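Trainee: Under my numbering, residues 339 to 594 are what the sequence shown spells out, in order.
Next up is a structure, given as structure tokens.
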Amino acid sequence: MSATTAIFLALASGFAGFVDAIAGGGGLVQLPALLIGISDKPLPMILGTNKVPSIFGTSTAAVNYFRKVKPDLRLTLFMAAPALLGSVAGARLASSIAKDFFRPFILVMLVLVALYTWKRPHLGLEEKLKFTHTVRLLLVSLFGLTIGFYDGIFGPGTGTFLIFLLVGVIGYGFLKASATAKVVNISTNLGAIATFHLTGHIWWKLGLFLAIANVTGAILGSRLAIRGGSTLVRKVFLLVTVLLIAKLGYDWLVSK
């Protein structure tokens, strides 16, 4: 790998960590950069290598959040454990299912998420919990399993969907939802890494090199999010969602 490519990937990973720490969507930056920078590698290796800097950056952001924000640990674990199982199952199937299979469905879902959030300017600015605690635990377990599977097999928008479900369905504020989503993301990344490693589809040297940049971005992003609160997270969330729609839409049209 040339020095130019290494610098390009490091900058992309740093920015991905910054964006992801605030509102998810780091894969929007990091994965395309890897697809360009190491295009000669098989897709499963690119997907597997992508998870390494992601888990380091996400873990760093989670630690920063938990110092200032106090998520419901029981609810977080009820979401994270099924997400781990789902990501393992998804990663095992990552090389056998065409990515174009997901794009139309994910595009529609992201458009609905963006419209729903935009039309409700006060959504997620304050915590307004819905349902009983038991029902919330059951719902987040189902969400975790489903989105964990999606993250293992495809990935773009995972953090976005996690935050939206915690805000729109459970009633969290955006800041608390982002903090909770980080822990769940650690779980999905861990499951995917274990699976990709067992099949030899991780370029560890590159992944650990990019982790340094991703962690730096995550520190800056999480600190900015804590300072700006749910209002800032909501704005970045909407921006990331629109960019995801544009990126996936472009990819889908090009593949036709």
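For each residue, glycine too, the CB sits at the ideal point set by N, CA and C.
Please read all numbers here as calculations on a predicted model, not as lab measurements.
Entirely within the segment 373 to 448 and at least 4 residues each: give me those alpha helix (DSSP H) ranges in chain order.
Mentor: Taking only runs of at least 4 residues, the alpha helix (DSSP H) segments lying wholly in the segment 373 to 448 are 381 to 406, 411 to 431.
Trainee: Along the chain, where does the alpha helix (DSSP H) containing threonine 533 start, and where does it finish?
Mentor: Residues 512 to 536.
Trainee: For valine 473, count neighbouring Cβ atoms within 10 angstroms of its own Cβ and tell me buried if that reaches 16, exposed if not.
Mentor: When all chains shown are included, valine 473 counts as exposed.
Trainee: Taking the CB atoms as reference points, tell me whether asparagine 552 and proline 391 lie closer together than 7 angstroms.
Mentor: Taking 7 angstroms as the Cβ cut-off, asparagine 552 and proline 391 qualify as a contacting pair.
Trainee: Residues in the same chain with beta-carbon distance under 6 angstroms from valine 478, minus the five sequence neighbours each way, listed in chain order, please.
Mentor: Closer than 6 angstroms at the Cβ level, and outside the excluded window around valine 478, lie Leu413, Phe416, Met417.
Trainee: Looking at the unbroken alpha helix (DSSP H) that takes in leucine 576, where does it start and where does it end?
Mentor: 542 to 593 is the extent of the alpha helix (DSSP H) around leucine 576.
Trainee: In whole angstroms, what separates the C-alpha of phenylalanine 499 from that of alanine 341?
Mentor: So the alpha carbons of these two residues sit roughly 35 angstroms apart.
Trainee: Report the rounded CA-to-CA distance for leucine 513 versus isoleucine 564, giving the unit in angstroms.
Mentor: For leucine 513 and isoleucine 564, the distance between alpha carbons rounds to 7 angstroms.
Trainee: Quick one: any contact between the segment 440 to 447 and the segment 374 to 386, if contact means 3 or more CB pairs under 8 angstroms?
Mentor: Result no; under three Cβ-Cβ pairs closer than 8 angstroms.
Trainee: Please classify isoleucine 374 as buried or exposed, where buried requires at least 16 neighbouring CB atoms within 10 angstroms.
Mentor: Exposed.
Trainee: Would glycine 538 be called buried (16 or more neighbouring beta carbons within 10 Å of its own) or exposed?
Mentor: Glycine 538 comes out exposed.
Trainee: Just the Cα atoms here: how many angstroms apart are alanine 584 and valine 449?
Mentor: Those two C-alpha atoms are separated by around 10 angstroms.
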